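Visitor: Residue numbers (this note's numbering), protein chains in the order written: chain W, 120 to 297; chain G, 120 to 297. A virtual CB, placed ideally from N, CA and C, is assigned to each residue, including glycine. Treat the numbers as computed from the prediction; the structure is a model and nothing was measured.
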DNA sequence: TTCGGCATGTAACTCGTTACATGATTTT
DNA sequence: AAAATCATGTAACGAGTTACATGCCGAA
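#1: Taking Cβ-Cβ distances shorter than 7 Å, what residues in chain G pair up with residue 200/W?
#2: Looking at the C-beta of residue 152/G, does it have a partner C-beta in chain W at a distance below 8 Å?
#3: Any residues in the stretch 258-281 of chain W with a beta carbon nearer than 8 Å to a beta carbon of chain G? Which ones, in chain order?
#4: Put residue 185/W into one of helix, strand or coil per three-state DSSP.
#5: Are there 16 or more other CB atoms within 10 angstroms of the CB of residue 235/G, so buried, or fewer, so exposed?
#6: Count the CB pairs spanning the stretch 205-223 of chain G and the stretch 139-159 of chain W that are closer than 8 Å, and state whether there are at least three.
#7: Do three or more CB pairs link the stretch 283-292 of chain W to the stretch 275-288 of chain G at distances below 8 Å?
#8: Applying the 10 Å Cβ sphere with the 16-neighbour rule, what's the burial state of residue 249/G?
#9: Do you know how far the Cα of residue 272/G is from the Cα of residue 162/W?
#10: With distances taken between CB atoms, is the gap from residue 128/G to residue 159/G smaller than 8 Å?
#11: Please go through the same chain and pick out, in chain order, the residues whose beta-carbon is closer than 8 Å to the beta-carbon of residue 221/G, but skip the five residues on each side of it.
#12: With DSSP as the reference, label residue 173/W as helix, strand or coil.
#13: Do residue 227/G and residue 203/W count as a contact pair if the criterion is CB distance below 8 Å?
#14: I'd like the span of the alpha helix (DSSP H) that includes residue 272/W, first residue to last.
#15: Between 184/W, 199/W, 185/W, which has its C-alpha nearest residue 131/W's C-alpha?
#16: Decide if the stretch 168-187 of chain W is in contact with the stretch 241-257 of chain G; the criterion is three or more beta carbon pairs, one per stretch, under 8 Å apart.
#17: Is residue 127/W helix, strand or coil when you go by DSSP?
#18: Can you have a look at residue 239/G and say buried or exposed, based on whether 16 or more other CB atoms are within 10 angstroms of its CB?
#19: Tell me which residues of the stretch 126-152 of chain W have at least one Cβ-Cβ distance to chain G shorter than 9 Å, keeping chain order.
#20: Taking DSSP as the reference, what is the three-state secondary structure of residue 191/G?
#21: At least one CB of chain G closer than 8 Å to the CB of residue 287/W: is that the case?
#22: Let me check understanding here. Comparing Cα to Cα, which of 257/W, 173/W, 225/W lies closest to residue 263/G?
#23: According to DSSP, is residue 232/W helix, strand or coil?
#24: Please tell me whether residue 164/W and residue 189/W are closer than 8 Å, where the distance is taken between their beta carbons.
#25: Taking 8 Å as the CB-CB limit, is residue 231/W close to chain G?
#26: Under three-state DSSP, which class holds residue 136/W?
#27: Taking the straight line between their C-alpha atoms, what separation do you get for residue 266/G and residue 142/G?
#28: Nearest-angstrom Cα distance between residue 280/G and residue 191/G?
#29: Determine whether the beta carbon atoms of residue 218/W and residue 274/G lie at a separation below 8 Å.
#30: Could you list which residues in chain G have their beta carbon closer than 7 Å to that of residue 238/W, in chain order?
#31: Between the alpha carbons of residue 167/W and residue 277/W, how many angstroms are there, rounded?
#32: By alpha-carbon positions, which one of 133/W, 256/W, 260/W, 207/W ends up nearest to residue 120/W?
#33: What is the DSSP secondary structure of residue 226/W, counted as helix, strand or coil?
#34: So which of 195/W, 175/W, 148/W, 146/W has the shortest CA-CA distance to residue 136/W?
#35: How should residue 261/G be labelled, buried or exposed, when 16 other C-beta atoms within 10 angstroms of its C-beta is the threshold for buried?
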């Protein structure tokens, strides 16, 4: 399936970028729906070069620190566009360890179950708060459709809706338990 | 982390069960938040036996068909309970290929993007319809708290809320695009 | 001069999927 | 008699994590 391939290709397509900076991108907005460690990114970049989808240029920063600045090729752009246009079946439902634990919770007593939900509620609220803080930096100006910022905005909103719905689920469970 | 280990342990804890039937469970309610193929389940069962967490008894069905019926041990029950009670950090945000594609969609034109969202909307609605159908089989009788059925009901409701929230997100995106 | 961040890589391992492989039983 | 389903396994591969490994640069 090679999804990481296209995640990287998408980033390199926006602007020439180094492996290090790709890793950083995977820890910002992007982290709300895709991510990877540098140990996965560097080998994948090498593979993409071999496939002729990207090129790199070695940049010397300061005295001797080598950076590799990757740029997308025409072949890479075509490959990315083809992937963006493809119509696929739905991904399988994402796995959820907390739900798995609650699914088997009948062997716990009520108080123990409630404690689990309450702990999860705190953590989810914290995450939602964080996402809202990021969202507020957009300062009520919804970016133009078809701009890189619109992508950021869109998926951030998706992440907020997802957390809200998870919190709603927890609250419903707690109401039944109390 | 060995999550599959506990998913299996949780099922075996409910009732003695064969590997084949565990595989089937992973394609019902459970599939809304955990699943595995038989090729992963059989080796894991062997491992759990080695660890003394489950036992099995060979059953001959019909003339000569061998089944292995697995039962949880005391050690297994303790291990499961410990796992159920543990307080963990939030899982990383689940990966989402569709959101990844839309994140990079600025290189497509508006009509192409809208087509992508509309296709996704149809598929998500279909899935929601399916989940609602399953839910209606509960026939308005919410199962008792602390029963195996309550677990089923709870996670099914979670799955429905999740799909609804995804659909809400798609609609918001479409409204902005139109 | 030391510490945190910049920058790139590899090795070993776990987790999960697809495909291969076999045979028994039930249903059409 | 054939097809679907029951039932259990292994092999090869791909994806992802943790740990190992190295060296540069700027700020305190």
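Guide: From the atom records:
#1: 226
#2: yes
#3: 261, 264, 265, 266, 267, 269, 270, 271, 273, 274, 276, 277, 278, 280, 281
#4: strand
#5: buried
#6: yes
#7: yes
#8: exposed
#9: 44 Å
#10: no
#11: 232, 235, 236, 292
#12: strand
#13: yes
#14: 267-296
#15: 199/W
#16: no
#17: helix
#18: buried
#19: 126, 128, 129, 130, 132, 133, 148, 149, 150, 151, 152
#20: strand
#21: yes
#22: 225/W
#23: helix
#24: yes
#25: yes
#26: strand
#27: 22 Å
#28: 33 Å
#29: yes
#30: 206
#31: 30 Å
#32: 207/W
#33: helix
#34: 175/W
#35: exposed
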